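Everything below concerns the one structure shown next.
Below is the structure:
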């Protein structure tokens with residue numbers, strides 16, 4: 003009979019530990035994924051900014067030497083990520099492929115112009131910078147027109163600021179929720195052993211002696227939960243990196259490693275603090291209060 007009861011108690015204890023580990027792992031996993039989002043938010047924003055194209059249309063009278071010099075100066079500029087020269091013939095072929103019709107059959111000649119497409123570095127995709135670049139280039143006589151989507155640039159920059167702000171707010175709120183959830187799971191685990199704590203205290207055990215095994219066990223569970231969370235984060239990060247290769251999510255291993263280390267330490271720290279507070283509470287309670 004006693005053996006059956008012991009087995010029941012052991013299963014109950016294992017079930018309690020399992021639920022704590024799963025709770026810690028899930029919370030830390032979600033917190034880690036949010037951390038990945040925060041770390042890569044600028045990278046994602048920069049990727050979209052660098053899709054903005056400044057198109058420089060050249061006069062038909064532009065000399066080859068002038069065009070080559072312009073290309074070289076643009077390629078060496080601090081604000082340039084890449085440039086591409088598009089001849090009027092290539093532009094016509096591209097339009098023909100898009101529309102499925104040869105518009106020159108109707109017009110009788112090629113009305114398009116030679117141009118240079120300039121992709122800017124993300125930090126320079128602002129209205130002020132684009133205006134300054136446009137004014138500088140417009141002074142060259144062989145440049146007929148410079149075009150870019152100014153409304154799109156303004157909208158993109160405004161949205162990036164709003165999204166960054168809300169990501170930081172959500173991160174702070176989610177961190178608080180994570181701490182509260184893990185703390186709640188630890189408190190429930192300690193609550194189930196409140197009578198053992200009080201019995202040990204009544205026979206003369208010191209508070210630190212009573213608290214030590216509870217803290218040690220909770221830290222162990224926190225480490226296991228953190229490891230499970232990091233494995234999940236690694237799988238998600240690998241999948242996203244394979245799916246969105248252009249974002250180069252693994253290009254900064256130091257930051258990624260720092261995030262994984264932070265999640266690991268958070269699993270230890272939160273469980274340690276939560277267990278310390280929970281055991282201290284029951285150590286300070288009177289015996290009669292344990293029944294409520």
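Numbering (the numbering used here), first residue to last: 3 to 294.
Ideal Cβ placement from N, Cα and C applies to all residues, glycine included.
Just so we're clear, the structure is a prediction, and the values are computed from it rather than from any experiment.
Check residue 130 in the structure and name its three-state DSSP category. helix
Given a cut-off of 8 Å, decide if residue 56 and residue 326 are closer than it, judged by their beta-carbon atoms. What is shown of the chain runs 3 to 294, which leaves residue 326 out entirely.
C-alpha distance - residue 171 paired with residue 222, whole-angstrom precision: 31 Å
Between the CA atoms of residue 210 and residue 201 - distance to the nearest angstrom: 15 Å
Anticipated Cβ contact below 8 Å, residue 66 with residue 123, distance rounded: With a Cβ gap of about 28 Å, residue 66 and residue 123 do not count as contacting.
For residue 175, does the count of other Cβ atoms within 10 angstroms reach 16, so buried, or fall short, so exposed? exposed
Rounded to whole angstroms, what is the Cα-Cα separation between residue 37 and residue 173? When only Cα atoms are considered, residue 37 and residue 173 end up about 8 Å apart.
Between the CA atoms of residue 251 and residue 187 - distance to the nearest angstrom: Those two C-alpha atoms are separated by around 33 Å.
Count Cβ pairs between the region 68 to 81 and the region 194 to 208 that sit closer than 8 Å; are there 3 or more? Taking 8 Å as the limit for Cβ pairs, the verdict is that the region 194 to 208 does not touch the region 68 to 81.
Whole-angstrom distance between residue 22 and residue 243, CA atom to CA atom: Linking residue 243 to residue 22 through their CA atoms gives a straight-line distance of about 31 Å.
Could you give the DSSP three-state label for residue 49: helix, strand or coil? helix
Please report how far the alpha carbon of residue 83 lies from the alpha carbon of residue 117, in whole angstroms. 17 Å
Which value, in whole angstroms, describes the spacing of the CA atoms of residue 156 and residue 68? 32 Å
Return helix, strand or coil for residue 77, following the three-state DSSP convention. helix
Integer Cβ distance of residue 33 from residue 257, believed to fall under 8 Å: In fact, because the Cβ distance is near 16 Å, the residues do not count as touching under 8 Å.
Please classify residue 78 as buried or exposed, where buried requires at least 16 other C-beta atoms within 10 Å of its C-beta. exposed
Rounded to the nearest angstrom, what separates residue 115 and residue 151 at their Cα positions? CA-to-CA, the gap between residue 115 and residue 151 works out to about 19 Å.
Could you tell me the distance, in whole angstroms, from the CA atom of residue 136 to the CA atom of residue 127? 12 Å
For the beta strand (DSSP E) containing residue 87, list its first residue and its last residue. 82 to 88
Sequence-distant residues of the same chain with beta carbon closer than 6 Å to residue 235, five excluded per side: Closer than 6 Å at Cβ, skipping near neighbours: 34.
Ignore the nearest five residues each way along the sequence and tell me which others in residue 162's own chain have a CB closer than 6 Å to its CB. Excluding five sequence positions before and after residue 162, the CB atoms of its chain that fall closer than 6 Å to its own CB belong to 47, given in chain order.
To the nearest angstrom, how far is the alpha carbon of residue 129 from that of residue 119? Looking at the two C-alpha atoms, the distance is approximately 18 Å.
How about residue 29 and residue 184: are their beta carbons less than 8 Å apart? yes
How would you write the range of the beta strand (DSSP E) that residue 208 sits in, first residue to last? No beta strand (DSSP E) holds residue 208; DSSP gives it neither H nor E.
Specify the secondary structure class of residue 25 as computed by DSSP and reduced to three states. helix
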